[in-house]
Structures are given as structure tokens and as C-alpha cells.
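Student: Just so we're aligned, residue 82 is where the sequence shown starts under the numbering used here, counting upward by one. All C-beta atoms in this analysis are idealised placements derived from N, C-alpha and C, irrespective of residue type, glycine included. Nothing here was measured: the structure is a model prediction, and the numbers come from that model.
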Amino acid sequence: MLAFREFVLKVHQRCNLACDYCYVYELADQSWRDRPAAMGRHVWQATAQRIRDHVQRHGLDRVDVILHGGEPLLAGRSALISLITDIRAAVPQARFRTQTNGALLTAGMLAALAAQQVRIGVSLDGPPSQHDRHRRHRDGRGSHLLADRALRLLAGHPAYAGILCTIDPASDPVDVYESLLTYRPPMIDLLLPHANWATPPAAGHAEWLIAVFDRWYDAPRRETRVRLFEELINLVLGGASRSDQVGLSPVAVAVIESDGAIEQVDSLKSAYPGAAATGLTVFDHDFDAAAAHPGVLARQSGRAALAELCQSCPVRDICGGGHYAHRWRPGGDFRNPSVYCAELRRLIDHITSRVAADLSASGCR
Ligand code: SF4
Numbered sequence: 082m083l084a085f086r087e088f089v090l091k092v093h094q095r096c097n098l099a100c101d102y103c104y105v106y107e108l109a110d111q112s113w114r115d116r117p118a119a120m121g122r123h124v125w126q127a128t129a130q131r132i133r134d135h136v137q138r139h140g141l142d143r144v145d146v147i148l149h150g151g152e153p154l155l156a157g158r159s160a161l162i163s164l165i166t167d168i169r170a171a172v173p174q175a176r177f178r179t180q181t182n183g184a185l186l187t188a189g190m191l192a193a194l195a196a197q198q199v200r201i202g203v204s205l206d207g208p209p210s211q212h213d214r215h216r217r218h219r220d221g222r223g224s225h226l227l228a229d230r231a232l233r234l235l236a237g238h239p240a241y242a243g244i245l246c247t248i249d250p251a252s253d254p255v256d257v258y259e260s261l262l263t264y265r266p267p268m269i270d271l272l273l274p275h276a277n278w279a280t281p282p283a284a285g286h287a288e289w290l291i292a293v294f295d296r297w298y299d300a301p302r303r304e305t306r307v308r309l310f311e312e313l314i315n316l317v318l319g320g321a322s323r324s325d326q327v328g329l330s331p332v333a334v335a336v337i338e339s340d341g342a343i344e345q346v347d348s349l350k351s352a353y354p355g356a357a358a359t360g361l362t363v364f365d366h367d368f369d370a371a372a373a374h375p376g377v378l379a380r381q382s383g384r385a386a387l388a389e390l391c392q393s394c395p396v397r398d399i400c401g402g403g404h405y406a407h408r409w410r411p412g413g414d415f416r417n418p419s420v421y422c423a424e425l426r427r428l429i430d431h432i433t434s435r436v437a438a439d440l441s442a443s444g445c446r
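(1) Determine, using beta-carbon pairs with one atom in the stretch 386-405 and one in the stretch 416-430, whether at least three such pairs fall under 8 Å.
(2) By how many angstroms is the C-alpha of Cys400 removed from the C-alpha of Glu28?
(3) Under 7 Å, do Trp297 and Pro250 count as touching if we go by C-beta distance?
(4) Give the straight-line distance between the Cα atoms of Leu108 and Ala196, rounded to the nearest whole angstrom.
(5) On the DSSP letters alone, give me the boundaries of the beta strand (DSSP E) that Met82 sits inside.
(6) Would you say the stretch 360-371 touches the stretch 277-295, given that touching needs at least three Cβ pairs under 8 Å?
(7) Looking at C-beta atoms only, is the number of pairs between the stretch 423-432 and the stretch 340-356 that lie closer than 8 Å three or more?
(8) If you drop the 5 nearest sequence neighbours on each side, which residues of the same chain put their C-beta closer than 7 Å to that of Ser443?
(9) As an exercise, report each continuous alpha helix (DSSP H) stretch of at least 4 residues that is fully enclosed by the stretch 348-378, in chain order.
(10) Keeping to the same chain, check which residues put their C-beta closer than 8 Å to that of His407; ignore five residues upstream and five downstream.
(11) Going by other Cβ atoms of all chains shown within 10 Å of its Cβ, with 16 needed for buried, is Ala335 buried or exposed?
(12) Please work out which residues of its chain come closer than 8 Å, Cβ to Cβ, to Val255, disregarding the five sequence neighbours upstream and downstream, and give them in chain order.
(13) When every heavy atom of the ligand SF4 is checked, does at least one fall within less than 6 Å of the C-beta of Ser393?
(14) How far does the beta strand (DSSP E) with Arg178 in it reach, from first residue to last?
(15) Relative to the ligand SF4, is the shortest distance from any of its heavy atoms to the C-beta of Pro418 smaller than 6 Å?
(16) Any chance you could list the alpha helix (DSSP H) runs of at least 4 consecutive residues sitting entirely within the stretch 245-298, in chain order?
(17) What residues match up with Tyr241 in a beta bridge as DSSP calls it?
(18) How should Ala342 be labelled, buried or exposed, when 16 other C-beta atoms within 10 angstroms of its C-beta is the threshold for buried?
(19) What are the boundary residues of the alpha helix (DSSP H) that Phe310 is part of?
(20) Once DSSP output is grouped into helix, strand and coil, what is the label at Arg217?
(21) The ligand SF4 heavy atoms versus the CB of Arg306: any closer than 6 Å?
(22) I want to check one thing, is the minimum distance from the CB of Leu428 to the heavy atoms of the ligand SF4 below 6 Å?
(23) My assumption, with CB atoms under 8 Å, is that Ala193 sits in contact with Ile162. Please give the rounded CB distance.
(24) Looking at the ligand SF4, does it come within less than 6 Å of Cys246, judged from the CB to the closest heavy atom?
(25) Please confirm if the stretch 298-311 is in contact with the stretch 261-271, defined as three or more CB-CB distances below 8 Å between the two stretches.
(26) I need the DSSP call for Asp145, collapsed to helix, strand or coil.
(27) Does the beta-carbon of Gly243, which I'm using as the reference point, lie nearer than 6 Å to any heavy atom of the ligand SF4?
(28) Between Ala300 and Val172, what straight-line distance do the alpha-carbon atoms span, to the nearest angstrom?
(29) Tell me the rounded alpha-carbon separation between Thr263 and Ala385.
(30) Under three-state DSSP, which class holds Glu389?
(31) Let's see if you can read the secondary structure: which residues bound the beta strand (DSSP E) around Val89?
Next comes the structure, spelled out in C-alpha cells:
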């Protein structure tokens, strides 16, 4: 059994936006409707004790606590500070970060979170015309102005973790990438939209990613880090990944819902209702019980969890079958190639050939 090293706390279940690709609100699982909007103190205090026990039992020197939602900043400044204070008192090894849509990231909120050493990432999908196609308020208004304001506050700030961008293959890839660069992000996370064999994605993701890869790779100086590309280069060179998008590294993430339920990673909710559930709670179970759950174990078994086609695939150890949620096929299970299989293969082949050409030019083999 592998210990959890990352704990995602659903500090607020609701969102002030209604992005059309959101796996929490717009896709298969609607369980958020039955949970309290905000995580109560009794929930985060019970969570803190469970994390402390887990850290002690497994001798962990560090764990990451992610303040998540919905939109986590809807929880409000005082609840967030109180939660962080309580968890840090129980688990001094905890490091905190949050992922926000930026709408509520005022100067005051930023100062309060930064004072607690919380690292902050903002979701942005590109320039206004692109971002506002998908990331909208319920009444249809775009949200780019709000994300822009948040990112202007963050640019150059030590609390700035980076930008998370969900790919739209209909957009201009270099235009999107360069618009993100204007906010000087230390890291960009490019995410494939959640899809599976029941709801397949649009075509064109590989071409989109290859165009951005070439723009990033060929820049005369490194303008930012792009996690997916760095992970793939590392895997091409024979290293291990720390990503759940590619590679065979086990996933060591537990999610705690606002009512104290312990769940598997949230993205599984894009497959079918209840896909992330474990039936466990922080009140009645420790995290070792969650780590022994069959769904969690399946995500830690690397090659053994792969479909037959993936087992014999020449890029198996680099691709790792892709994101687990993207493997689901109705009436079956997750033992399938990713629905992005062909796109992943094209991207991996491209990066492999670029890296090989560089190694060969520099005399390495
Ligand atoms: S490229 Fe396709 S077949 Fe190969 S490991 Fe990835 S998902 Fe499986």
C-alpha cells in the first residue's frame, strides 16, 4: 500500500462560474448537490487528525494540502485561515496550495493567503475571446476580466504557482500560449478536457499541443515551465513522472468532500455517477483504509492496470495509458486505452524525435 501524499479538500462545493467542461457540475456525477456548500470546522478538524495519523504512521516528511472546490475562495478568508491554522497545528509538514478561477482573489485575499504560505494557481484558457467561450457565469457573461485582474495581482508574487489552461483544439495554440505568457507564470498546466469512450473529445489536441511544444521548446530562452512537456521529456529520457496525465507513477491523492466523505480523484466523476466514491469518511475511517480501497489500488498498480493494447504499445512507459478517467468505456471499466490514444501517440512521437535530434546534434546517444 502506498501512503497518500496529497490531500484535496473540497472547502466549498459551489462555484461562481458555470464553465461548460467542468467535471464537477456539468458532467456525469451530480453528488455535489447533496453535500453541504461549505466544509464545516468539525470536518476539517477530523481531516487534520487523520492526516496527522497518516503522516506519523508512514513517516512522511511532507504532504500537500490543496484547497479546492467548486471555487475554494467562496469559503471566505476567515474560514480558510482557520482551516489552514488547524491543519498546520496538527500537521506541521503540510504545504498548502489552491486553484481558483480568480474571481474572488482580491489584494486582501492574496495577502491573507500569502501570509499563510499558500501557493495560488489561476485557471485561464487564453485571451478573452477564447477564455470566455467556455469559462462563463451562469448568465452567459465571460469571466476573463476577473481572471486577468487576479493574474495581474499575482504576477511576480512569491505566492504565484502558475496557470491551469484547459485545451480547446478549436483555438489558435500559439496565440493561447503567448497570452498566458503575458502573466509571467512560473508554471503552466495544459489539461486535456475530460472525455472518455462514451463522450469522446473533438479531434486536434495532438496538433494543438505539438504547436505549443515547438513554440516552447524552440524559444531562445526558457520563458516558463510547462508541466506536461517537462514530464514527457523526462519520461522520454527514461525518468519517472509525477503527473496523472502520463507515465506509470502511482497516484497518491485522497479527496475529502465538504461532508467528510473520502473519495478518489475528482476527475473520475467525469466517467459516471459515483465513480470516485469509496464509502469511507474521515469520521469513521483512517486514510490507510482509503489507500486499501480497490479503486485506489488499481490506480497504483502501474502496468498491471493497463489494457492489453497498452501493454504491448511501444510508448507504454511514457504514455502509461493516459489519464485514468479518459480510459472509461460504458459497460466496461477503466482497463482500456485512453480515448486520446492516437493523439497521445502523435505527441509522444513528436517529442521523442525532437529530443533525439537534439541529443544526436550534441553528440549524445
Ligand atoms: S498510446 Fe495508446 S496504446 Fe499506447 S499506452 Fe497510450 S493509450 Fe495505450
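Tutor: Quick answer:
(1) yes
(2) What is shown of the chain runs 82 to 446, which leaves residue 28 out entirely.
(3) Working through the sequence shown from its first residue, we reach residue 297 at position 216. Working through the sequence shown from its first residue, we reach residue 250 at position 169. Between Trp297 and Pro250, the gap from beta carbon to beta carbon reaches 7 Å or more.
(4) On the sequence shown, residue 108 is found 27 positions in, with the first residue counted as 1. On the sequence shown, residue 196 is found 115 positions in, with the first residue counted as 1. The predicted model places Leu108 with a pLDDT of 49, which falls under 50 and marks its position as unreliable; any figure quoted below should be read in that light. Straight-line Cα distance between these residues: approximately 36 Å.
(5) On the sequence shown, residue 82 is found 1 positions in, with the first residue counted as 1. No beta strand (DSSP E) holds Met82; DSSP gives it neither H nor E.
(6) no
(7) no
(8) Here residue 443 is taken as the residue at index 362 of the sequence shown, counted from 1. Result list for Ser443: empty, nothing under 7 Å.
(9) 368-372, all fully within the stretch 348-378.
(10) As a working note, residue 407 is residue 326 in the sequence shown. Closer than 8 Å at Cβ, skipping near neighbours: Leu273, His275, Ala276, Asn277, Ser419, Val420 and Tyr421.
(11) The sequence position of residue 335 within the sequence shown is 254, counting from 1. Buried, by the Cβ-count rule.
(12) On the sequence shown, position 174 is the one that residue 255 refers to. The answer, listed in chain order, is Ala292, Val293 and Arg296.
(13) Here residue 393 corresponds to residue number 312 of the sequence shown, with the count starting at 1. No, the Cβ of Ser393 stays beyond 6 Å of every heavy atom of the ligand SF4.
(14) Sequence index remark: in the sequence shown, residue 178 carries index 97 (1-based). Counting along the chain, the beta strand (DSSP E) containing Arg178 begins and ends at Ala175 to Thr181.
(15) Counting from 1 along the sequence shown, the entry for residue 418 is found at position 337. Yes, since a heavy atom of the ligand SF4 falls inside the 6 Å radius drawn around the Cβ of Pro418.
(16) 254-262 and 286-298
(17) Stepping through the sequence shown from its first residue, residue 241 is reached at position 160. Answer by DSSP bridge pairing, in chain order: Ile201.
(18) As a working mapping, residue 342 is identified with position 261 in the sequence shown. So Ala342 counts as buried.
(19) The sequence position of residue 310 within the sequence shown is 229, counting from 1. From DSSP, the alpha helix (DSSP H) with Phe310 extends over Arg308 to Val317.
(20) Walking along the sequence shown from the start, residue 217 turns up at place 136. It is a strand residue.
(21) Taking the first residue of the sequence shown as position 1, residue 306 is located at position 225. No - the ligand SF4 has no heavy atom lying nearer than 6 Å to the Cβ of Arg306.
(22) Translated into positions along the sequence shown, residue 428 becomes position 347. Result no, Cβ not under 6 Å from the ligand SF4.
(23) On the sequence shown, residue 193 is found 112 positions in, with the first residue counted as 1. On the sequence shown, residue 162 is found 81 positions in, with the first residue counted as 1. Under the criterion of beta carbons closer than 8 Å, Ala193 and Ile162 qualify as touching, at roughly 6 Å.
(24) Taking the sequence shown and counting its residues from 1, the one referred to as residue 246 is at position 165. Remark: the shortest separation between the CB of Cys246 and any heavy atom of the ligand SF4 does not fall under 6 Å.
(25) yes
(26) Translated into positions along the sequence shown, residue 145 becomes position 64. In this structure, Asp145 counts as strand in the three-state DSSP scheme.
(27) By 1-based counting over the sequence shown, the position of residue 243 is 162. Flag unset: Cβ of Gly243 not near the ligand SF4.
(28) Taking the sequence shown and counting its residues from 1, the one referred to as residue 300 is at position 219. Taking the sequence shown and counting its residues from 1, the one referred to as residue 172 is at position 91. Straight-line spacing of the CA atoms in Ala300 and Val172 works out to 42 Å.
(29) On the sequence shown, position 182 is the one that residue 263 refers to. On the sequence shown, position 304 is the one that residue 385 refers to. Looking at the two C-alpha atoms, the distance is approximately 43 Å.
(30) Sequence index remark: in the sequence shown, residue 389 carries index 308 (1-based). If DSSP states are grouped into helix, strand and coil, Glu389 belongs with the helices.
(31) Translated into the one-based positions of the sequence shown, residue 89 becomes position 8. Taken as a continuous stretch (DSSP letters only), the beta strand (DSSP E) holding Val89 covers Glu87 to Lys91.
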